[in-house]
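Take a look at the structure set out below.
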Amino acid sequence: MKNAIYLAKSHDCAANLAGEAYLMSLPHEHVLYLWVNDPCIVIGRYQNPFNECNLQRMDDEGVQLVRRQSGGGAVYHDQGNLCFTLIGDKEQSSKEENFALIIKALATLSLDCELSGRNDILLNGKKISGNAFQTTATKFCHHGTLLISSDLSVMGNYLTPSSTKLASKAVKSVASRVGNLKEGNQEITNEMVQDALIEAFKEMYGEAEVQEIDFTTFPAAQQNYHRFGDRSQILKETPQFTHSFTHRFPWGEADFRILVEQGVIRDILMFTDSLDTSIVSRIKAILIGVPYERHAIEAVLNKSEQGDCTDLLTYLLDSFSS
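Add 3 to the 1-based position in the sequence shown for my numbering, that's all there is to it.
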């Protein structure tokens, strides 16, 4: 089959991305894949989730963390956002052609959108679509978001990182002024945008069968699920970074620096004017090798019987808070 259109029945973002990876392995010349996710934060391939997300709040409110294989910045998804993927032969496909298809489809819904310089699509100056790309030996994959009626009021709750001071070479997201397509057409729905994209795809490439597929039960996708949705795997792929703070405690001032690698505390550098210099070796003994996650550090705090170490651990945990 030359062309194919797939509609995801699942709202699990990691499963849907695993499904996308499967679709890239198929021999079709052109594929349109449309998918909608439950609330989640999707970070780019080379991003640091500790820098991009409020992980504690996400855990508290059941917002999934997902890492995609393409580049770009962190984005928030919910069911008011329609995701699209266009897959084509590497030598024949281009993002320019794909953008033309998307903008043409939106124009049929009386939405006058334009492409910006950062590979975003704008409506009345607001970003309604972010895009990212991935190239394999034979395929070019272009996927993006289309904000239709997303709850933009909660986006900052999860994309605003904690007050933790981090230093990393990871790619950082670029803040943008975002909006919904509903601001340009109050009657618009996910189904209307979906249908417009399908028609534009058929007009550009010819007829194609529309197939629904549930990637939460599809074996080839489930084998790949861990690449996108396994929390420990996501943290393990985080680039090395440092977490630092300076604070005066009752027992003295501490300039405290943690080296985190693959989501685990690997080393600690501490400068202090404390009269008890053993604090440096004692804090290293209880923290090195511990996962850089709130619950793991809380477990260390709960076992601590040393007042100065307890002070340090409490302050460290407070820096994870929003």
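Where is the CB? At the ideal position from N, CA and C, for every residue including glycine.
Values in this document were obtained by computation on a predicted structure and should not be read as measured data.
What does DSSP give as the partner residue(s) for residue i in the beta ladder?
| i | result |
| --- | --- |
| Asn-6 | His-33 |
| Thr-245 | Ala-170, Leu-262 |
| Lys-129 | Leu-126 |
| Arg-251 | Glu-256 |
| Arg-70 | Ile-46 |
| Phe-143 | Gly-91, Thr-138 |
| Tyr-79 | Ile-44 |
| Asp-270 | Leu-262 |
| Ala-103 | Paired residues: none, contrary to the question. |
| Asn-84 | Leu-150 |
| Glu-117 | Leu-125 |
| Thr-275 | Ala-257 |
| Val-1 | In the structure as shown, the chain starts at 4 and stops at 325, and residue 1 therefore has no counterpart that could be examined. |
| Pro-294 | Val-267 |
| Ala-11 | Ile-216 |
Between which residues of its own chain and residue i is the CB-CB distance below 6 Å, once the five residues before and five after are set aside?
| i | result |
| --- | --- |
| Thr-219 | Ser-13, Asp-15, Ala-18 |
| Leu-125 | Glu-117, Ser-119 |
| Asn-193 | Leu-85, Ile-151 |
| Arg-269 | Leu-262 |
| Asp-311 | Trp-254, Ile-282 |
| Ala-203 | Leu-104, Lys-107, Ala-108 |
| Phe-102 | Leu-118 |
| Leu-10 | Leu-37, Glu-215 |
| Lys-306 | none |
Report yes or no: is there a C-beta of chain B within less than 8 Å of the C-beta of residue i?
| i | result |
| --- | --- |
| Lys-185 | Protein chains in the displayed structure number just one, and chain B is not present. |
Cutting at 8 Å between CB atoms, please list the residues of its own chain near residue i, excluding the five before and the five after it.
| i | result |
| --- | --- |
| Leu-320 | Arg-297, Ile-300, Glu-301, Leu-304 |
| Glu-308 | none |
| Ser-97 | Phe-143 |
| Val-181 | Lys-129, Lys-130, Ile-131, Leu-150, Leu-155, Met-158 |
| Thr-138 | Lys-93, Cys-144 |
| Cys-56 | Ile-44, Ile-46, Leu-68, Ala-77, Tyr-161, Leu-162, Pro-164 |
| Gly-209 | Lys-5, Asn-6 |
| Gly-65 | Pro-42 |
| Ala-199 | Ala-108, Leu-109, Thr-111, Leu-112 |
Relative to the alpha-carbon of residue i, which residue among the options has its alpha-carbon at the smallest distance?
| i | options | result |
| --- | --- | --- |
| Phe-87 | Gln-197, Glu-100, Gly-65 | Gln-197 |
| Glu-186 | Ala-203, Ala-224, Ile-131, Ser-171 | Ile-131 |
| Arg-230 | Tyr-25, Lys-5, Ala-11 | Tyr-25 |
| Tyr-36 | Ile-105, Asn-51, Gly-310 | Ile-105 |
| Asn-6 | Lys-205, Thr-317, His-250, Thr-249 | Lys-205 |
| Ser-235 | Pro-222, Val-213, Gly-266 | Gly-266 |
| Ser-247 | Leu-262, Val-69, Thr-275 | Leu-262 |
| Ala-170 | Glu-264, Ala-288, Ala-21, Lys-306 | Glu-264 |
| His-250 | Tyr-208, Ile-237, Tyr-228, Ser-322 | Ser-322 |
| Ile-201 | Leu-89, Leu-184, Val-69 | Leu-89 |
| Ser-73 | Glu-23, Ala-135, Glu-100 | Ala-135 |
| Asn-183 | Thr-148, Pro-222, Leu-316, Ala-199 | Thr-148 |
| Asn-51 | Gly-75, Met-273, Ser-153, Arg-260 | Gly-75 |
| Asn-188 | Asn-127, Gly-133, Leu-10, Tyr-228 | Asn-127 |
| Trp-38 | Tyr-295, Ile-216, Arg-260, Leu-272 | Ile-216 |
| Met-273 | Leu-315, Ser-28, Lys-306 | Leu-315 |
| Phe-244 | Thr-275, Tyr-295, Gln-95, Leu-290 | Tyr-295 |
| Pro-42 | His-31, Tyr-79, Asp-62, Gly-22 | Tyr-79 |
| Gln-95 | Ala-140, Gln-82, Met-61 | Ala-140 |
| Glu-99 | His-146, Asp-62, Gln-82 | His-146 |
| Ser-28 | Val-213, Ala-223, Gln-82 | Ala-223 |
| Asn-40 | His-33, Gly-83, Glu-23 | Gly-83 |
Would the C-beta of residue i count as close to the ligand NAD, meaning under 7 Å from any of its heavy atoms?
| i | result |
| --- | --- |
| Asp-92 | This structure lacks the ligand NAD; in fact it carries no ligand of any kind. |
Which same chain residues, not among the five before or five after residue i, have their C-beta less than 7 Å away from its C-beta?
| i | result |
| --- | --- |
| Gly-292 | Val-267, Ile-268 |
| Leu-20 | Val-69, Arg-71, Phe-231 |
| Lys-239 | Gln-265, Gly-266 |
| Ile-237 | Pro-52, Leu-68, Arg-70 |
| His-31 | Met-4, Lys-5, Asn-6, Ala-7 |
Could you say if the segment 44-52 and the segment 104-115 meet the contact criterion of at least three C-beta pairs nearer than 8 Å? Using a Cβ-Cβ distance cut-off of 8 Å, the segment 44-52 and the segment 104-115 are not in contact, since fewer than three pairs of beta carbons, one from each stretch, lie closer than that value.
Three or more C-beta pairs closer than 8 Å, one from the segment 247-265 and one from the segment 277-287: is that the case here? Between the segment 247-265 and the segment 277-287 there are three or more C-beta pairs closer than 8 Å, enough to call the two in contact.
Enumerate, from N- to C-terminal direction, the unbroken beta strand (DSSP E) stretches of 3 or more residues contained entirely within the segment 183-252. DSSP runs (the beta strand (DSSP E)) wholly in the segment 183-252: 212-216, 244-252.
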